[in-house]
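In the numbering used here, the protein residues as written are 2 to 92.
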């Protein structure tokens, strides 16, 4: 199967973890080897772990914003009657 330009860019972006827009040979080879075959359980666990970390970080940032911004900044439609809920989300 051929790799189209979009897939190649997406593949490069996945391998380019540090955002340097450069990729050394070892990182490229390891990335190619990881794509071979089906996803392994360890790969799926790594993705799940990263998603959980991102979710925790997002919650932390939302709490900081809630604490830092005065309530007047939020429009009446986004404010909640529950003080434990964020002013920025409707959940």
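Glycine included, every Cβ here is placed at the ideal spot set by N, Cα and C. Keep in mind that this is a model prediction, so the values were computed, not measured.
CB-CB length for residue i against residue j, believed under 8 Å
i	j	result
residue 16	residue 32	4 Å
residue 13	residue 24	7 Å
Limits of the alpha helix (DSSP H) - the one that residue i falls within
i	result
residue 58	42 to 69
As assigned by DSSP and simplified to three states, the class of residue i
i	result
residue 100	Outside the modelled stretch of the chain, which goes from 2 to 92, sits residue 100, for which no answer is possible.
residue 8	helix
residue 38	coil
residue 19	coil
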